[in-house]
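J.:
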Amino acid sequence: MSYQHQYIDGTRIHFPVGKVVCVGRNYAAHAKELNNPVPTEPLLFIKPSSCVVSPEGGFSIPHDRGAVHYEIEIAVLIGKPLSRQPSEEETLDAISGFAPALDLTLRDVQERLKEKSWPWEVAKSFDGACVLAPFVAGSTINDTADIDVRLTINGEVRQDSNSREMLYPVLPLIQHIAGQFALQPGDVVLTGTPAGVGPLQEGDELVMELPGHTTFSTFVLKRN
8 MSYQHQYIDG TRIHFPVGKV VCVGRNYAAH AKELNNPVPT EPLLFIKPSS
58 CVVSPEGGFS IPHDRGAVHY EIEIAVLIGK PLSRQPSEEE TLDAISGFAP
108 ALDLTLRDVQ ERLKEKSWPW EVAKSFDGAC VLAPFVAGST INDTADIDVR
158 LTINGEVRQD SNSREMLYPV LPLIQHIAGQ FALQPGDVVL TGTPAGVGPL
208 QEGDELVMEL PGHTTFSTFV LKRN
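Heads up: take any position in the sequence shown, counting from 1, add 7, and you land on the working numbering.
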């Protein structure tokens, strides 16, 4: 799958989407709402590129695997290779874009996996599990420690927070990830979800936002 975003000067840059690196429980309030302990270091997991879908024209959710929870997140597009604990300057230079994204979770499945101390991939990496809006250029964000993120469903704000509330802020988080395994152009980092997660229903209308930077409206498709 290729993704496209537009710089201010109008040039369009295409990236094939690579791996999607996610961090769990990066907002203390979200960890609390699910009765999870706050991690003492970034809790990382990976979604494959095959689970990435665009919100344009709506998106589908599984109907036979229990509750599907929404989790709004700030997505960061990597535009240059990063590895071996890069400096803050190198990390900032490698950020190509920002977007709102939904990390969809099969919550009932995840709870069963957690009870058995099994990995989460089945609950996090199903087809369509990453709903990724178009990116805006990285240069449009002046301060990665001050990015608003918001999700509205059926006219009601469900999640509304700011990157300053992260346990592991954007730049240190990406530096940490690159110290564990290399990041390549086209990789996406999902930086964690704030409190307010909950189940999606067919026909729900959603507005995904990085307020002041980008807004994208979408909806959950109904079965035929």
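C-beta: ideal position from N, C-alpha, C; glycine also.
Apart from the five residues on each side of it in sequence, which residues of its chain come closer than 7 Å, Cβ to Cβ, to D100?
T.: K87, listed in sequence order.
J.: Note down the Cα distance separating L111 from R91, rounded to an integer number of angstroms.
T.: Going by the C-alpha atoms only, they are around 30 Å apart.
J.: A144 and P176 - do their beta-carbons sit closer together than 8 Å?
T.: Result no, Cβ atoms of P176 and A144 do not sit closer than 8 Å.
J.: Could you spell out the range, first to last residue, of the alpha helix (DSSP H) harbouring L178?
T.: 177-187 is the span of the alpha helix (DSSP H), which, as asked, contains L178.
J.: What beta strand (DSSP E) runs, 3 residues minimum, are completely inside the region 105-158?
T.: Listed in chain order, the complete beta strand (DSSP E) runs (minimum 3 residues) inside the region 105-158 are 137-139, 142-144.
J.: For E216, which residues from the same chain have a beta carbon less than 8 Å from its beta carbon, with the 5 sequence-adjacent residues on both sides left out?
T.: P107, D155, V156, R157, L158, T159, T222, F223, listed in sequence order.
J.: Determine whether the beta carbon atoms of A35 and L174 lie at a separation below 8 Å.
T.: Cβ distance < 8 Å, so A35 and L174 count as in contact.
J.: Looking only at its chain, what residues have a beta carbon closer than 8 Å to the beta carbon of L51, apart from the 5 residues adjacent to it on each side?
T.: V28, C29, V30, G31, I184, Q187.
J.: From the DSSP output, read off the bridge partner residues of I85.
T.: I85 is bridged to I102.
J.: State the Cα-Cα distance for the pair G162 and L213, rounded to the nearest angstrom.
T.: Answer to the nearest angstrom: the Cα atoms are 8 Å apart.
J.: So, using beta-carbon positions, are L197 and A82 closer together than 8 Å?
T.: Taking 8 Å as the Cβ cut-off, L197 and A82 qualify as a contacting pair.
J.: Measuring alpha carbon to alpha carbon, tell me which residue in E118, I53, P179 is nearest I102.
T.: Of E118, I53, P179, the residue nearest in Cα terms is P179.
J.: Is the beta carbon of V195 less than 8 Å from the beta carbon of V60?
T.: Their beta carbons are not under 8 Å apart, which means V195 does not touch V60 by this criterion.
J.: Comparing C-alpha positions only, which one of E118, A189, I53 sits nearest to N42?
T.: Measuring from the Cα of N42, the nearest candidate turns out to be E118.
J.: Which of helix, strand or coil does DSSP assign to H76?
T.: The answer is strand: DSSP assigns H76 an E or B state.
J.: Distance check for L139 and T225, CA to CA, integer angstroms please.
T.: C-alpha separation (whole angstroms): 11 Å.
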